[in-house]
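Single-structure report; data block below.
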Amino acid sequence: MCDVDEAAASATAALVDEATGGPVVGSEPFTLSTIACAVRPANPLFTADMTALRYLHEASLVKNLHDRWIADERQPYTSMSNVLIAVIPLRYLTAVDKSMYVRQSLDMSPPHPFHVAENAYRQLRSVRQNQSIVISGESGSGKTETSKIILDFLTDRSGLGSMSSGADNAHEHALGDRLMKTIPILESFGNAKTHRNHNSSRFGKYMRLQFSPDVIDLSSAALRLTGASIDTYLLETSRVVLPPSGERNFHVF
């Protein structure tokens, strides 16, 4: 039991018998002195870019990710400067307008794989140097789905807000479609069901997209998708003859 005197910044405490609710026989009340101090302001809630948090430590980062995830409008994506953190939403999300990331400043755009893809495209267009997007995480964390989202955006990017001819856009769209259609084939031969993931990639994948200047309008800064390639490596070949206990072989088998 504790009786607090806010004016004196002190408190009187005593031991209480749990069974009777009265003071413990033979015990004397004692005084606790307190020191008044200013309370630091809390971190802002639902922060989209965690570099804006007042206090950066593991607990505050995890809490911010959790708060955004359990919000009514689930927010599975959070930025940390130029790093995007994705938490599996475990439900269908409202479709995001790709053109929003093309039209406005990226500083005003919410965190999303489209944001990462658009930033890479703009850097490629402005500095004319190769750009890389690295997607990493443990098994079942959503790497494959995130790569599909980024690939879908980049294959459509040149046509978003473009003034190019319909024939050029149709050719580019067809190239993007062919690239997207290779994914189920790769997954058939390289993905398998594991304890943690029903569609786990058991190989590494390096995807390369080639963009070229618009040959129709040389004054335009736009780049057009003209080619693509996929390199695979570190395939878990031992799974073909000896799948781990409780797991399955590659989907094709």
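Each residue of the sequence shown is one higher than the last, beginning at 5 in our numbering. Glycine included, C-beta positions come from ideal geometry on N, C-alpha and C. Please read all numbers here as calculations on a predicted model, not as lab measurements.
Between the Cα of residue i and the Cα atoms of the options, which residue gives the shortest distance?
i: Leu190; options: Gly208, Leu49, Gly180, Arg200; result: Gly208
i: Ser242; options: Met211, Gly194, Gly146; result: Gly194
i: Asn342; options: Pro117, Leu36, Glu251; result: Limits of the chain in this structure are 5 at one end and 257 at the other, which puts residue 342 out of reach.
i: Gly146; options: Gln133, Met104, Leu88; result: Leu88
i: Ala121; options: Met112, His61, Val138; result: Val138
i: Pro248; options: Leu213, Arg200, Leu94; result: Arg200
i: Pro33; options: Met211, Gly26, Ala17, Gly25; result: Ala17
i: Arg44; options: Tyr59, Ala52, Phe50; result: Tyr59
i: Asp258; options: Leu65, Arg95, Met84, Ala63; result: Since the first and last residues shown for the chain are 5 and 257, residue 258 lies out of range.
i: Glu142; options: Ile92, Ser216, Tyr105; result: Ile92
i: Thr51; options: Asp181, Pro115, Leu110; result: Pro115
i: Thr236; options: Glu251, Gly250, Ser216, Tyr210; result: Tyr210
i: Thr35; options: Ala42, Val244, Ala15, Glu62; result: Ala15
Measure the CB-CB distance between residue i and residue j and report whether it falls below 8 Å.
i: Leu97; j: Arg72; result: no
i: Leu69; j: Thr82; result: yes
i: Ala226; j: Ser140; result: no
i: Arg206; j: Asp218; result: no
i: Leu19; j: Ser37; result: no
i: Leu164; j: Lys102; result: yes
i: Thr148; j: Asn203; result: yes
i: Thr198; j: Gln214; result: no
i: Ile234; j: Thr186; result: yes
i: Ser192; j: Val256; result: yes
i: Asn253; j: Ala196; result: yes
i: Leu155; j: Met184; result: yes
Under a three-way DSSP split, which group does residue i fall into?
i: Asp21; result: coil
i: Ser37; result: strand
i: Leu110; result: helix
i: Pro76; result: Sequence check: residue 76 is Asp here, not Pro. Of the three classes helix, strand and coil, the one that applies to Asp76 here is coil, per DSSP.
i: Arg228; result: strand
i: Asp181; result: helix
i: Pro247; result: coil
i: Pro188; result: helix
i: Asp71; result: helix
i: Asp156; result: helix
i: Pro117; result: helix
i: Ala63; result: helix
i: Arg1; result: Nothing about residue 1 can be reported from this structure: the residues present for the chain run from 5 to 257 only.
i: Tyr105; result: helix
i: Gln135; result: coil
i: Tyr96; result: coil
i: Asn47; result: coil
i: Glu240; result: coil
i: Ala42; result: coil
i: Arg58; result: coil
i: Glu122; result: helix
Run through the DSSP bridge pairs and tell me what residue i is partnered with.
i: Asn195; result: Ser205
i: Thr82; result: Ile89
i: Ser233; result: Arg212
i: Phe254; result: Ala196
i: Asp53; result: Ser83
i: Pro217; result: Leu227
i: Pro27; result: Val20
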